[in-house]
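Asker: My questions will all concern the structure given below.
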Amino acid sequence: MITVDQLAVEFSGTTLFSDVSFVINPTDKIALMGKNGAGKSTMMKIIAGEQTATRGNVRAPKDVVIAYLPQHLLTEDDCTVFDEAAKAFKQVFSMKEEMDRLNNELTTRTDYESDEYMAIIEKVTELGEKFYALEDVNYDAEVEKALKGLGFKQEDFTRQTSEFSGGWRMRIELAKILLQKPDLILLDEPTNHIDIESVIWLEDFLVNKANAVMVISHDRAFIDNITNRTVEVTMGRIYDYKANYTHYLELRKDRRAHQIKAYQEQQKFIADNMAFIERFKGTYSKTNQVSSRERMLEKLQIIEIDEVDTSALKLRFPPSPRSGDYPVTVQDVSKSYDNHVVFKNANMSISRGEKVSFVGRNGEGKSTMIKAILGEIEVEGTCQLGHNVKVGYFAQNQAALLDKDLTIFQTVDEVAEGEIRTQIKNILGRFMFSGDDLDKKVSVLSGGEKTRLAMVKLLLEPVNLLILDEPTNHLDLKSKDVLKEALSTYDGTLILVSHDRDFLQGLSEKVFEFKEQRVIEHFETIDAFLERNRIKSIADINLKS
609 MITVDQLAVE FSGTTLFSDV SFVINPTDKI ALMGKNGAGK STMMKIIAGE QTATRGNVRA
669 PKDVVIAYLP QHLLTEDDCT VFDEAAKAFK QVFSMKEEMD RLNNELTTRT DYESDEYMAI
729 IEKVTELGEK FYALEDVNYD AEVEKALKGL GFKQEDFTRQ TSEFSGGWRM RIELAKILLQ
789 KPDLILLDEP TNHIDIESVI WLEDFLVNKA NAVMVISHDR AFIDNITNRT VEVTMGRIYD
849 YKANYTHYLE LRKDRRAHQI KAYQEQQKFI ADNMAFIERF KGTYSKTNQV SSRERMLEKL
909 QIIEIDEVDT SALKLRFPPS PRSGDYPVTV QDVSKSYDNH VVFKNANMSI SRGEKVSFVG
969 RNGEGKSTMI KAILGEIEVE GTCQLGHNVK VGYFAQNQAA LLDKDLTIFQ TVDEVAEGEI
1029 RTQIKNILGR FMFSGDDLDK KVSVLSGGEK TRLAMVKLLL EPVNLLILDE PTNHLDLKSK
1089 DVLKEALSTY DGTLILVSHD RDFLQGLSEK VFEFKEQRVI EHFETIDAFL ERNRIKSIAD
1149 INLKS
């Protein structure tokens, strides 16, 4: 359907990738993988027509529709949520308006034999064939279904888009893309701004209703559930696997093992020939053989071994100072903003060393409860921190709290204690900071870089109550693995808010669900809770839609 042919991107003397070719078929669900900086987003932009390649091209039939959702995007703020989403059908509505206009013109004209009259009839006929060939759709119902699936409530439909955060406006744009039913959907980190229930809805849509999909994501569960093919960008070229992410990792490991074996055999071959050349160089009877082997080695293409993170760093939190038996106690707590009730009569008791998850749709009160526990907002009822509780808090806006005048290295060195100080460079390397990066000031870092740095800083501080509010949005898969492993061995108390199911799994033994102005306590692991609610969530969301 869509052909990527000999694509190459070069800038400032550096080749990002070259001679990349592959075909996107009508039902492919592709995960575009590779380390940060490998060129994934660049390749997606080129396929979307948003960027031009140095060489090569992307070919597609004339009527193919490609829809692209970048990582960072703001919708226009000139209409309501519903009207903005309905722009997905703009072409259909324009077609209908044009037909109505032309038909009205035909009723008023009397030059039935003129060329102009016949041209109008031909145009109306052409438009009519296209319009009436479209599936009979209740467009308002489709818009409502998409918006509700992505977490909007009925009362949100008439609100101006300007009233919503960037994450919610990203959802509006995602709704528009899904409603267009394009031939290819390109998604760059689509799950960063949506909650678990909306991710499940999106998965169901992409698997069962979408045509071809290409996605860049650090959400392992999401890409495993929706993809049947993995295209890896590495060292300027691609590898194409007919497998989802987990299976791809196994195949990639096998591929690299074969590469290492072939590389070692080639190096032995080169060494043997070099030894022969050195031994018989200048020997008249061996001149032709020496020259032949020299020419052969000059033409030999050296086998390359794919990049891999060989670091064996195991990052652990510092030992937690002992706190009281119950670091967090919440009794009959209610919170409202004007006439909007967030939750009422909430109760929770979190024991020392317990790991719990806060789950629920965005806007149901998870972050509000955290602020209540920390004493940042006033509430009805009682929120208490226990004896000797030292809080480590990672907020969604944590990046804004860093000291802009410090360098990356200084930011971490400031909080590191003991032996861990000797590993600062290695730790920063695992979170994609290395070399000259360490001397950069916080003030020049991007939002994502600041978020990663804030996470490293938090990992090194000795605390006994750790509260993480959506910590994985800007972390790649390897960085998330480092954080998850550290959390699994953390000996303090943990409150975790996240929409990343793969990250959540195995990390908590109790779940507090925020739903319909209530906080419901579930005495089960996050794994059991997610599995129990997975099918139910899809059914509920579709039913509400």
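Quick note: the sequence shown uses the working numbering, first residue 609, plus one each step. Yeah, the Cβ is synthetic: ideal placement off N, Cα and C, and Gly gets one too.
#1: Is Thr891 buried or exposed, if buried means 16 or more other CB atoms sit within 10 Å of its CB?
#2: Select from Asn953, Glu713, Gly983 the residue whose C-alpha is nearest the C-alpha of Tyr725.
#3: So, Leu1046 versus Phe1017, is the Cβ gap smaller than 8 Å?
#4: Exposed or buried, which one is Leu908 when buried takes at least 16 other CB atoms within 10 Å?
#5: Does Asp613 come out as helix, strand or coil in the three-state DSSP assignment?
#6: On a CA-only basis, which of Lys1012, Gln939, Ala661 is nearest Val987? Give me that one, please.
#7: Between Asp748 and Asp1110, what straight-line distance do the alpha-carbon atoms span, to the nearest angstrom?
#8: If we call anything under 8 Å between Cβ atoms a contact, is Val839 one with Ile638?
#9: So, are the CB atoms of Val936 and Leu993 less than 8 Å apart?
#10: Since Met641 is in the beta strand (DSSP E), which residue starts that stretch and which ends it?
#11: Hey, quick one: how far does the beta strand (DSSP E) through Val1127 stretch, first residue to last?
#12: Excluding the five sequence neighbours on either side, which residues of its own chain have a C-beta within less than 6 Å of the C-beta of Asp827, listed in chain order?
#13: Mind checking Gly621: buried by the 16 CB within 10 Å criterion, or exposed?
#14: Among Lys789, Asn996, Glu1124, which residue has its Cα nearest to the Cα of Asn818?
#15: Would you mind working out which of Gly647, Val807, Arg779, Met956 sits nearest Val1127, comparing C-alpha positions?
#16: With distances taken Cα to Cα, identify the nearest neighbour of Glu972 among Val997, Leu814, Ser944, Ile958.
#17: Could you work out which residue in Val841, Ile868, Ile834, Tyr871 is closest to Thr854 when comparing CA atoms only?
#18: Just verifying my parser: in three-state terms, what is the DSSP assignment at Asn746?
#19: What is the residue span of the beta strand (DSSP E) that His801 lies within?
#20: Would you mind listing the beta strand (DSSP E) stretches within the segment 963-987 that are 3+ residues and don't spill past its ends, in chain order?
#21: Are Asn852 and Asp832 closer than 8 Å when you measure CB to CB?
#22: If you count every other CB in all the chains shown that lies within 10 Å of the CB of Phe760, and 16 or more means buried, which is it?
#23: Just to confirm the assignment, what range does the alpha helix (DSSP H) spanning Lys704 have?
#24: For Ser931 versus Asn1034, is the C-beta spacing smaller than 8 Å?
#25: Can you give me the Cβ contacts of Gln897 inside the same chain, cut-off strictly under 8 Å, excluding the 5 residues immediately before and after it?
#26: Would Lys974 be called buried (16 or more neighbouring beta carbons within 10 Å of its own) or exposed?
#27: Assuming Asn970 contacts Asp791 (C-beta within less than 8 Å), just tell me the rounded distance between them.
#28: For Gln867, report the span of its alpha helix (DSSP H) as first-last.
#29: Could you give the first and the last residue of the continuous beta strand (DSSP E) run that contains Asp832?
#30: By DSSP, does Gly1043 sit in helix, in strand, or in coil?
#31: So for Ala1003, helix, strand or coil by DSSP?
#32: Can you tell me whether Ala1136 is buried or exposed? The criterion is at least 16 other CB atoms within 10 Å of its CB, across all chains shown.
#33: Can you name, in chain order, every residue of its own chain whose Cβ lies under 7 Å from the Cβ of Ile786, other than the five neighbours on each side?
#34: Should Asn1072 and Ser928 be called a contact, given that it needs their Cβ atoms to be closer than 8 Å?
#35: Could you compute how far the alpha carbon of Glu737 sits from the alpha carbon of Cys687?
Answerer: The short version:
#1: Exposed is the call here.
#2: Closest in alpha carbon position to Tyr725, among Asn953, Glu713, Gly983, is Glu713.
#3: Cβ distance < 8 Å, so Leu1046 and Phe1017 count as in contact.
#4: Here Leu908 is exposed, its C-beta having fewer than 16 other C-beta atoms within 10 Å.
#5: Assigned with DSSP and collapsed to three states, Asp613 falls in strand.
#6: For Val987, the nearest C-alpha among the options comes from Gln939.
#7: When the Cα atoms are used, Asp748 and Asp1110 turn out to be separated by approximately 35 Å.
#8: Ile638 is positioned such that its CB atom lies closer than 8 Å to that of Val839.
#9: Contact: yes.
#10: Looking at the DSSP string, the run of the beta strand (DSSP E) that includes Met641 is 637-641.
#11: Element bounds for Val1127: 1126-1130.
#12: So the list reads Thr799, Asp1108, once near-sequence residues are dropped.
#13: Classification for Gly621: exposed.
#14: The identity of residue 818 in the sequence shown is Ala, whereas the question assumes Asn. Residue Lys789 is the option with its Cα nearest to Ala818.
#15: Comparing Cα positions, the closest option is Met956.
#16: Put simply, of Val997, Leu814, Ser944, Ile958 the residue whose alpha carbon is nearest the alpha carbon of Glu972 is Ser944.
#17: Minimum Cα distance to Thr854 is reached at Ile834.
#18: It is coil, neither helix nor strand.
#19: In the DSSP assignment, His801 falls outside any beta strand (DSSP E) and carries neither an H nor an E.
#20: Listed in chain order, they are 963-967.
#21: Yes, these two residues count as a Cβ contact at 8 Å.
#22: With 16 or more other Cβ atoms within 10 Å, it is buried.
#23: Judged by DSSP secondary structure, Lys704 falls within the alpha helix (DSSP H) whose first and last residues are 698-716.
#24: Going by C-beta atoms, Ser931 is not nearer than 8 Å to Asn1034.
#25: Within the same chain, and ignoring the five residues on either side of Gln897 in sequence, the residues whose Cβ sits closer than 8 Å to its Cβ are Phe884, Phe888.
#26: Looking at its Cβ environment, which holds 16 or more other Cβ atoms inside 10 Å, Lys974 is buried.
#27: Contact annotation, Asn970 with Asp791: C-beta distance approximately 30 Å; criterion of less than 8 Å not satisfied.
#28: Its alpha helix (DSSP H) spans residues 853-888.
#29: Where Asp832 is concerned, there is no enclosing beta strand (DSSP E), although the alpha helix (DSSP H) it sits in stretches over 828-834.
#30: Gly1043 carries a helical assignment under DSSP once its states are collapsed to helix, strand and coil.
#31: Three-state result, Ala1003: coil.
#32: With fewer than 16 neighbouring CB atoms inside 10 Å of its own CB, Ala1136 falls in the exposed class.
#33: Inspection of the sequence shows that residue 786 is occupied by Leu rather than by Ile. Excluding its 5 nearest sequence neighbours in each direction, Leu786 has C-beta neighbours in its own chain below 7 Å: Ala754, Phe813, listed in chain order.
#34: Against a cut-off of 8 Å, the Cβ pair of Ser928 and Asn1072 comes out as a contact.
#35: Their Cα atoms are separated by approximately 32 Å.
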